[in-house]
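Below is one structure, written out as structure tokens; the observations come after it.
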Amino acid sequence: MIETALKALFILLYATFVGFMFMGIIRIVTARIHRRVGPPIYQPILDTIKLLSKKSNITHGLIYDFGILYAVGATILAVMFIPLGSIGVLRAYGDLILITFLLEIPMLGIMFAAMSSGNPYAGIGAQRALLTLLAIQVPLGFAIVALAEFYGTFSTYEIVMAQQTMGWSIFHFPLLLAAIAYDLVLQAMFGKEPFDIMIAPGEISLGPMVEFGGKHMGLLQIQHAIALFAETLFFANIFLGGGVVTAFSSSILNTIAGLAVLLVKQVAVLLIATFMGAIFPRFTIDQAAKFYWKWPTIIAALGAVLASL
Amino acid sequence: MAEEVKASWSKGEEIVRMLLEKAPYAEGTVRRERRLEFKVPADRIVDFLRTAKANGFELLLQITAVDWLKEGEIELVYQLFSISHGTHAMVKTRLPRDEARISTVMDIYPVAETYERDAHEFFKVTFEGNPKLEMPWILEDEDREVGVSHRKDFDMLGYVKRKYKLLDRFDEDKENYVI
Amino acid sequence: MVTQEELIREARENGMELLPLEKDTYELFFGPQHMATENYSLILKMDGHRVVKAIANPGFLHRGFEKLAEYRPWHTNIALLLRICVPEPDVPEAIYSMAVDELMGWEVPERAQWIRTTVLEMARVSAYLFWMMGLSFKLGVYTAGQWAAAYRERFMALFEELTGARVYHIYTIPGGVRRDIPGDKWLRQLRDTVEYIKDKLKDFDNLVFENYITYRRLEGIGVMDKKFALNEGVTGPNLRATGVPYDVRRADPYLLYPELDFEVPVLKEGDALARALVRRFEFEQDLYILEQLLDMGPPSGPYKVDHPSLKALPRFRVPAGDAFAHVEATKGDFGAYVVSDGGNKPYRVQIRGPSIAHGIRVIEQLLVGARLADVPVILMSLDNCPPDIDR
Amino acid sequence: MVDWRLYEPLINFARKRSMWIVAFCTGCGGIEMPPLMTSRYDLERFGMMPNPAPRMADLFLITGYVTPKTLKRIIITYEMQPDPKYVLAHGSCPLNGGIYWDAYNAIKHLDKYIPVDVAIAGCMPRPEAVMDGIKKIMDLIETGKADGWKRYKENYEYYKKNQDELFGEGWREKTARRWIPWLMGREKKREEE
Amino acid sequence: MKMESVKIAPEEKVRKKPSFLKPWMSLKYLFKKPVTIKIPYEETQIAEKYRGFHTLNWKTCIGCNMCGQICPARAIEMTWIEGEKRPHPKIDYGRCTFCQFCVDVCPTNALGHVEHYILTTEWKDEELELFDWVPLPEEMVRKFSDYRHPLAKIEKYEDGRVKYVLRDGSEFEFKILGYGLKPPAAAKPKPAAKSAEKKEEPNPGEKKE
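Quick mapping for you: the protein sequence lines, in order, are chains X, U, H, S and Y.
To convert a position in the first sequence, counted from 1, into this note's numbering, add 45.
To convert a position in the second sequence, counted from 1, into this note's numbering, add 58.
To convert a position in the third sequence, counted from 1, into this note's numbering, add 39.
To convert a position in the fourth sequence, counted from 1, into this note's numbering, add 3.
To convert a position in the fifth sequence, counted from 1, into this note's numbering, add 63.
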């Protein structure tokens, strides 16, 4: 029991820290493409400390506070279900659909909070977030179905284990299609261009986040960091073979090596998203929905059909 | 030298002649190359601008109001530009200062609505038929109530002193200035 | 807290008609504290994410230039009036100076004309870079925006060398310019910069003007037709994007433009994409014009009129009369109407910013039916500059 | 109970290195903001970036002159920002009117209406000068001397009196309701027909 | 709607082709050197004759008030200083727009300008005094090469004495007799009126806070 609790704590701390580093990496890489120096890598941590140390805090009622906690809680729960190399707390129950669901519902929590603030921009942002959520469901579902059909299981851990013998998922053609679709979906989950429609600073002033300040925003930053970690981790697990290393005799070394391998894969996923974000303008919401229901859906559906053959 | 240019721009003379034929109530001159000037009585301005637009003056660039305090008149200058003739034209008209009313030219040049709002705000010229004159424009309500305007008799410095109290941070009485 | 009944009662007492907004619409105050509008406000009535009605609310930058100019000596007004157009402050300087030159009957020396033309073109290029930055930021390609802002700095440095200030140059004065070109080194630098920007334009093409998503975003929004544009007093690239080849540099030539060779881009569609492409092409043409000017080289001679009244500026007087001068700015037709009564201060100065036509009625009509996401893009594709409107 | 004073240096460091700026170009100095924020001078090295929402912003740059119409929005925006918040006034105009010393529509002394922490000279200030001002604010934050937000709370009556004197009582409500009849106008006509 | 001599660009030159792949080309800048100038750690090059703070040659200034007349912001006030025959301009950087028309019109070239442009103060009345000064001679300003305002502090005394403390510690002291074009109250006979006027001056600063 204590071991499980310790593991959970470790995962949480690791996820938060690495998530913040990921945020820093995104900012630095974006800055380099912009031809500038960019902030130090620990900048998101400073931002969060500053936000949490704000002296005044505005709240708009119970739902407003609850929504954020809900988002943070759901994200933490999602991290627990995803196998992190050989460490895992609830990985045995790590159902693909469950994790996908848990990765999406933080958006709902933020939306609750945003809606209760009464700011029209937050309302528009929440609408857009909802539509984005709706739009990504279809390709996401097909991608998951493709995975499940191919491996014959819904368990993430089993998929990771299966990849150790069969090779990474993306080396199989049907799953490559699913991976491409899923990567496009990830772009929306990260909130990066061309699908950062719900934030859209130039249009609706950060959308749902417009009313958050101080500690609420600080918590959201933490949530964002963990979510970043969880999403990349999930992708690395189901498509890039996860981080199972058995080369060393010591289990601790194996674990560390597994984490390192995972980290490299996660950063790769992150970089692709960053690159795409740096060079594409933002879609409008109807264009994004149409896009998701067209290309990624077709690709993912093709993958699912091929996988089931 | 300027005289020569004026004389040599025969195309301008032609345009003026053509316009004056259709609008005999106006006076027109060629100032220099690509600068025409018309003087129109205030009650015929709509007719004149309609004629002008039909004859190639497509753009209304601005409506300028000039307050001639000594004459007691407000001069409205309609800056037209003709793309087809490649010339600019000022259409000038004069209104009495105390009762500055003129009919709007919105139905000819819709953009005049904006310019008229501007002229109404700062020169208190009433353009009959413009529905948006009373709409908030640049000034705030409190300024409008006090009567801020660009007319010559508006005492700007006095108003500024009343409104902002202290004028100078470092020196209370910078009245010592001579300009 | 005021209840709704109280509000309604109060409104009725004050003669305000307060009707409940239709059920499925809501108001949105778009600006001035907003990234897409620079201190300019739009009041939108929204139905979902479509705009039902838009009202422009200018005046946040109003300082009463036209009144202030009546209190300051002729030359000093340069330092004041250039604040009307912040992205390209040389344009108000130039038009005011041209109008005063006409009133004085001065023929500006050739060297001064060359410098003025060069400064105007440099201002155009840097303003276009600024516009590119704005468009990219509003579209969400932050990369291009960051580059554009960085490359614009090269022109700022050149301006600094030439005029002694980065943004507010206060350089063009009636009768010529304030100081001479700092030397051949500056000309070489200018040529290098032009080459550099020309090279970098390819990157902008790749990233913005040939980007698939840019096309999806810009196509078919904010469509104007020729008749509408002419009626609404639209000028500049916005008018050319509807198919009217009106360019002040050709229609009413000034300075050295009759001798220069450049093409006027004209497109038919009149949507945001056409406006963006027209602007992009003009940017290229401006670089070409700068090259021609450099090939021409500055003519020798004085850089300002030799006139005794320029010795004692506070007592500089202008004969009575009025004059209108206008130039082609990146935003459109920028004009000044100057009236003198023979005194040492102008009797009346009116500056005609292009945005007064673009920013009020055109915006209000183009936005009806647009998506909320298109609002910043339409604003930017019209290149609306609020200080022009407010003055 | 944790003694937060122990963490004060860390918190102050975080505050000084992560100032988010309200995206509000109040005047002509706004044109020098893009070079400062973007690749050329890149303020993000210090963790500063323009933030569209005032609720999470710390630093308010008053970029140049302020007209009464803008000042109303500035005050509202300033009050929306969470404490601690800092104000940096650019150039001559907020200090003593600048070139608009006799303009009927420009504020002469900004500090009568909202507290200002740092003043910089210039018209308009070069990016380097703005950077110097920001550096100064950073120093003040580190030593805990950037107390504009405290002053605003303590002397609220003074500021409110000045604001009300300029705009008239009840200006907030008046400004909010100003446009309602014009938003409705067309609907009413349609109903009548 | 034809205009003579307009060269219209062919449409295909204006138009571009949308592409999905070309934007990826811009990723090459990931590995290029940033263009950032790292202020404040890196010095930027200021152009020669950049319009910065003023300098005044106290010996050649004839107090003609040409600068005061041309100033668009009325930032210049003629100041009578003890020991000087003619008044000298006092420049208020709370108003100055750095147009330097005053330098252009100065008949004896006494008023000049340097490239220095940085003046940053806390918003406190005693520090804001720095914004209002009688310019110092050029060599005293040029001494500092970091483009900052030369003064560290301005101390004002009751009797009109003003002490400028430069940033290197040296001091510059003089006594202000009064303002305006005319000699203040006939200079000598009525010192009482003068001091009354001067007492008024530091007061508003103290009153406010």
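Glycine included, each C-beta is placed from N, C-alpha and C at the ideal position.
Check                                                                                                                                                                                           : Outcome
For T182/H, which residues in chain X fall below 9 angstroms Cβ to Cβ?                                                                                                                          : T75, I78, H79, R80, A323, I324
Nearest CA to the CA of L143/S: which residue from W186/Y, L191/Y, M203/Y?                                                                                                                      : W186/Y
Taking the runs of the alpha helix (DSSP H) that are 4 residues or longer, which of them lie wholly in the region 214 to 289 of chain X?                                                        : 218 to 235, 246 to 249, 260 to 284
Which class does E75/Y belong to by DSSP, given the choice of helix, strand or coil?                                                                                                            : helix
Sorted by chain position, which residues of the same chain lie with C-beta nearer than 6 angstroms to F69/H's C-beta, five sequence neighbours on each side aside?                              : L81, L83
With distances taken from CA atoms, which of M36/S, S21/S, P97/S, K19/S is nearest F27/S?                                                                                                       : M36/S
Pop quiz: P219/X and G303/X are said to be a contact at Cβ under 8 angstroms. What is the actual Cβ separation, rounded to whole angstroms?                                                     : P219/X to G303/X, Cβ: 27 angstroms. No contact.
Roughly how far, in whole angstroms, is the beta-carbon of E201/Y from the beta-carbon of T123/Y, given that I think they are within contact range, below 8 angstroms?                          : About 11 angstroms separates the two Cβ atoms, so there is no contact after all.
Work out the CA separation of I217/Y and I139/Y for me, nearest whole Å.                                                                                                                        : 18 angstroms
Have a look at W195/U and I78/X and give me their C-alpha separation to the nearest angstrom.                                                                                                   : 43 angstroms
When burial is assigned at 16 or more other CB atoms within 10 Å of the CB, is G232/Y buried or exposed?                                                                                        : exposed
M148/U lies in the beta strand (DSSP E); which residues open and close that run?                                                                                                                : 145 to 154
Which stretch, first to last residue, makes up the alpha helix (DSSP H) that contains M59/S?                                                                                                    : Looking at the DSSP string, M59/S is not in any alpha helix (DSSP H), and its letter there is neither H nor E.
Note the first and the last residue of the continuous alpha helix (DSSP H) segment covering C183/Y.                                                                                             : Before going further, note that residue 183/Y is Thr rather than Cys in the sequence given. Taken as a continuous stretch (DSSP letters only), T183/Y belongs to no alpha helix (DSSP H), being part of the beta strand (DSSP E) at 183 to 185.
Give me, in chain order, the residues of the same chain whose beta-carbon lies closer than 7 angstroms to that of I56/X; leave out the 5 immediate sequence neighbours on both sides.           : V124, M125, L129, I132, V134
Applying the criterion that 16 or more other CB atoms from any shown protein chain within 10 Å of the CB defines a buried residue, is S296/X buried or exposed?                                 : exposed
Kindly indicate which three-state DSSP category G33/S falls into: helix, strand or coil?                                                                                                        : helix
Would DSSP call V233/H helix, strand or coil?                                                                                                                                                   : helix
Note down the Cα distance separating D156/U from D211/U, rounded to an integer number of angstroms.                                                                                             : 12 angstroms
Please check the pair L406/H and V414/H, which I expect to be a contact at CB under 8 angstroms, by giving their CB distance rounded to whole angstroms.                                        : 6 angstroms
Return the residue from the list L229/X, S161/X, V117/X that minimises the CA-CA distance to Q182/X.                                                                                            : L229/X
May I ask you to list, following chain order, the residues of the region 331 to 342 of chain X that have a beta carbon less than 7 angstroms from some beta carbon of chain H?                  : Q332
Chain H partners of I141/U, CB-CB under 7 angstroms?                                                                                                                                            : V283, Y285, A290
How many whole angstroms separate the CB atoms of I189/X and I142/X, which I take to be in contact at a CB cut-off of 8 angstroms?                                                              : 6 angstroms
Along chain Y, which residues have their Cβ under 9 angstroms away from the Cβ of F320/X?                                                                                                       : W87, L90, L93
Quick one: list the residues of chain S neighbouring S295/X, beta-carbon separation under 7 angstroms, in chain order.                                                                          : Correct list: empty, because the minimum Cβ distance to chain S is about 36 angstroms.
Are R410/H and H73/H closer than 7 angstroms when you measure CB to CB?                                                                                                                         : no
For the region 118 to 154 of chain Y, which segments carrying the beta strand (DSSP E) assignment without a break, of at least 3 residues, lie completely within its bounds, in sequence order? : 139 to 144
Run through the DSSP bridge pairs and tell me what F96/U is partnered with.                                                                                                                     : G86/U, V149/U
Suppose only complete runs of 4+ residues qualify. What are the alpha helix (DSSP H) ranges in the region 299 to 371 of chain H, listed by chain order?                                         : 311 to 335
The beta strand (DSSP E) spanning R296/U covers which residue range?                                                                                                                            : Chain U is shown only over 59 to 237; residue 296/U falls outside these bounds and no answer can be derived.
Please report the residue range of the alpha helix (DSSP H) in which I56/X lies.                                                                                                                : 47 to 78
Would you mind telling me which residues of chain S sit closer than 7 angstroms to A189/H, beta carbon to beta carbon, in chain order?                                                          : T41, S42, R43
Counting along the chain, where does the beta strand (DSSP E) carrying M85/H start and finish?                                                                                                  : 80 to 86
Could you check the C-alpha separation between E236/Y and P221/H for me, to the nearest Å?                                                                                                      : 38 angstroms
Within the same chain, show all residues whose beta-carbon is closer than 7 angstroms to that of A333/X, passing over the 5 residues directly before and after it, in chain order.              : T177, A180, F240, I242
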